[in-house]
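Which chain is which? The protein sequence lines are A and B, in order.
Residue numbers 1 to 213, in the working numbering, belong to the letters of the first sequence in order.
Residue numbers 1001 to 1213, in the working numbering, belong to the letters of the second sequence in order.
There are 2 protein chains.
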Amino acid sequence: MITVWMAELSERSGLPVATIKYYLREGLLPPGAAVGATRARYGEQHLRRLRLIRALVDVAQLRLDVVRAVLGAVETADSRHTAIGAAHRELTAADGPEPTDGSLATVDALLARRSWAMAPGNRLRAALAQSLDAIAGLGFPVGVDLLDAYAQAMTDVAEVELDQLDNVDRDSAVEHAIIGVLLLEPVLLNIRRIAEQNASMARFSARSARGAR
Amino acid sequence: MITVWMAELSERSGLPVATIKYYLREGLLPPGAAVGATRARYGEQHLRRLRLIRALVDVAQLRLDVVRAVLGAVETADSRHTAIGAAHRELTAADGPEPTDGSLATVDALLARRSWAMAPGNRLRAALAQSLDAIAGLGFPVGVDLLDAYAQAMTDVAEVELDQLDNVDRDSAVEHAIIGVLLLEPVLLNIRRIAEQNASMARFSARSARGAR
DNA sequence: CCACTTTGGATAGTTAGACTATCCAACATT
DNA sequence: AATGTTGGATAGTCTAACTATCCAAAGTGG
């Protein structure tokens, strides 16, 4: 196993030594193997962890305390299935206003239509209800057909995503679970924006053509 | 038209007077109608704007400078189509590392497969490539079949989303465009997480059953 | 019409998050 | 033995988003 000093870890990760020390202090990076009181060696996994942290911060826009929570929770998971669940659990913050009964009912109806089961304490139910409330509070409630379209689309997507996860060796399953849950979000959202622009442009041209006729 | 003083605007929006003054200074909220040097009246649109700002900050996690840019850009748009485009443009920040040629080629191939056109300067192309690079940099490149699944799913979704936009009166089209682009993102992501958990659970149980047989 | 309250506008202070820099004593290298 | 790097502790910086204070001009109640 290759091991390196702090200086090289800094160089290879592209992060200043001071920042790596900060991550060590914050418990985001496990300490290196101590060799005497003022020296420690770091391995390949430290480098991989640093890169993962940076990706979560830069791409997924997570705060460091959330990164620590996700990393810790996923690490203690004993399977891909529980790893995904743990990642979701840590990412679904229990903050903001309580969801209304109406939005909770909407969510439950959606779950029922798709025969989706959900453990009693799962915060995703409340989180979805909260995001519906936020929109309804602005006067534009989300229609049932849009919710169904989202649910159908995400059902299709989830199958393909899990296919990918099956082809991964056990060691990197944890990292892969985090990547699958978090880092694919911007990919999906960017594609949504492109699709929206194109669909919008198609309708716009169609309307102009009709108007000009 | 109903108009109110600062005190009532604060009360009805739930925001402290100091915060509303801050938003006025920052140009997020248009000034009220001045009545003398130390008095101004605010209308219903100020209240709606404040609620929209809070939703963009709390739900869509936008920074205030981005909120200002989005609001400004969308307001000067002359149709729903251009409003959506303007919102996307302001949201697609031109930061981070340059995308690699490989990821750009992957994006272009995807666009070609779906016959999606894109204006030359559109930053969405680079943004999508960057998010692919971030994942590839961790050693788990995104497969073409996953990209296609995302593209198909988002194509379906975009049609339903635009159907909603058609049923909206001209006045609130701007707000609706912002909501459609930004506030529906958390809804979609929450549904994705629920769908993933269920798909993951289904496979997990299937595997356990096979193992126990 | 006069004491009292509210407001707009300006300015200064606060808090949280994420670093960044400095020190120092203990090693290790030359 | 001189020089240089490291771990560990501590303190300082920077930005974003408020939050608080002040003050003079305007209303308002009596």
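Heads up, the beta-carbon is just placed ideally off N, CA and C, and yes, glycines get one too.
Going by the CB atoms, is the gap between residue j and residue i shorter than 7 Å?
i, j, result
"methionine 118 of chain A", "isoleucine 1191 of chain B", "no"
"tryptophan 116 of chain A", "asparagine 1198 of chain B", "yes"
"alanine 129 of chain A", "leucine 147 of chain A", "no"
"leucine 183 of chain A", "alanine 7 of chain A", "no"
"alanine 1127 of chain B", "threonine 1092 of chain B", "yes"
"serine 1010 of chain B", "isoleucine 1020 of chain B", "yes"
"valine 1066 of chain B", "alanine 1087 of chain B", "no"
"isoleucine 179 of chain A", "isoleucine 1135 of chain B", "yes"
"arginine 1123 of chain B", "alanine 1151 of chain B", "no"
"arginine 25 of chain A", "leucine 47 of chain A", "no"
"glutamate 1196 of chain B", "alanine 18 of chain A", "no"
Closest to residue i by C-alpha separation, out of the options, would be which residue?
i, options, result
"serine 1259 of chain B", "A/Glu159, A/Arg39, A/His81", "Residue 1259 of chain B lies beyond the stretch modelled for chain B, which goes from 1001 to 1213, so this question has no answer here."
"glutamate 185 of chain A", "A/Ala55, A/Ser200, A/Asp166", "A/Ala55"
"valine 144 of chain A", "A/Ser13, A/Gly121, A/Val107", "A/Val107"
"glycine 1014 of chain B", "B/Arg1051, B/Pro1030, B/Val1160", "B/Arg1051"
"alanine 149 of chain A", "B/Gly1180, B/Ser1131, B/Leu1188", "B/Leu1188"
"leucine 1029 of chain B", "B/Ala1134, B/Gly1043, B/Ala1087", "B/Gly1043"
"aspartate 1058 of chain B", "A/Gly36, A/Gly96, A/Leu64", "A/Gly96"
"valine 168 of chain A", "B/Ser1079, B/Gly1137, B/Val1035, B/Pro1141", "B/Pro1141"
"arginine 89 of chain A", "A/Gly121, A/Arg113, A/Leu64", "A/Gly121"
"phenylalanine 1204 of chain B", "A/Val181, A/Leu132, A/Gly85", "A/Gly85"
"glycine 139 of chain A", "B/Arg1049, B/Asp1163, B/Gly1036", "B/Arg1049"
Among the residues of its own chain, which have a CB less than 7 Å from the CB of residue i, if the five just before and after it don't count?
i, result
"glycine 27 of chain A", "Arg68"
"alanine 1083 of chain B", "Val1074, Ala1077, Ala1173, Val1174, Ala1177"
"methionine 201 of chain A", "none"
"alanine 1034 of chain B", "Ala1040"
"proline 1031 of chain B", "Leu1024, Ala1040"
"glycine 102 of chain A", "none"
"aspartate 1133 of chain B", "Pro1099, Thr1100, Ser1103"
"isoleucine 53 of chain A", "Tyr23, Leu28, Val67"
"leucine 110 of chain A", "Leu147, Ala151"
Just grab the DSSP bridge partners of residue i for me.
i, result
"threonine 3 of chain A", "A/Gly43"
"alanine 33 of chain A", "A/Arg41"
Using a cut-off of 9 Å between C-beta atoms, extract the partners of residue i located in chain B.
i, result
"arginine 63 of chain A", "Under the 9 Å cutoff, chain B gives no residues; its nearest Cβ is about 11 Å from arginine 63 of chain A."
"glycine 85 of chain A", "Gln1197, Ser1200, Met1201"
"glutamate 175 of chain A", "Leu1138, Gly1139, Phe1140"
Using a cut-off of 9 Å between C-beta atoms, extract the partners of residue i located in chain A.
i, result
"aspartate 1145 of chain B", "Val160, Asp163, Gln164"
"alanine 1055 of chain B", "Ala134, Ile135, Gly137, Leu138"
For a contact meaning CB atoms closer than 7 Å, what does residue i contact in chain B?
i, result
"leucine 189 of chain A", "Glu1185"
"glycine 14 of chain A", "Going along chain B, no residue has its Cβ under 7 Å from glycine 14 of chain A, so there is no contact; the nearest lies around 11 Å."
Taking Cβ-Cβ distances shorter than 8 Å, what residues in chain B pair up with residue i?
i, result
"arginine 51 of chain A", "Gly1137, Leu1138"
For a test of your reading of the model: does the CB of residue i fall under 6 Å from any non-hydrogen atom of the ligand MG? Yes or no.
i, result
"aspartate 1145 of chain B", "As for the ligand MG, it is missing from this structure, which has no ligand bound."
Report all residues from its chain with a CB closer than 6 Å to the CB of residue i; omit the five preceding and five following residues, and keep chain order.
i, result
"leucine 1062 of chain B", "Leu1056"
"arginine 1114 of chain B", "Ala1151"
At 7 Å on the CB atoms, spell out the chain A contacts of residue i, in chain order.
i, result
"tyrosine 1150 of chain B", "Val157, Val187, Leu188, Ile191"
"isoleucine 1179 of chain B", "Ile135, Leu138, Phe140"
"glycine 1102 of chain B", "Neighbours of glycine 1102 of chain B on chain A: none; closest Cβ ~15 Å, over 7 Å."
Could you list which residues in chain A have their beta carbon closer than 8 Å to that of residue i, in chain order?
i, result
"serine 1131 of chain B", "Val59, Leu183, Pro186, Val187, Asn190"
"leucine 1128 of chain B", "Val187, Asn190, Ile191, Ile194"
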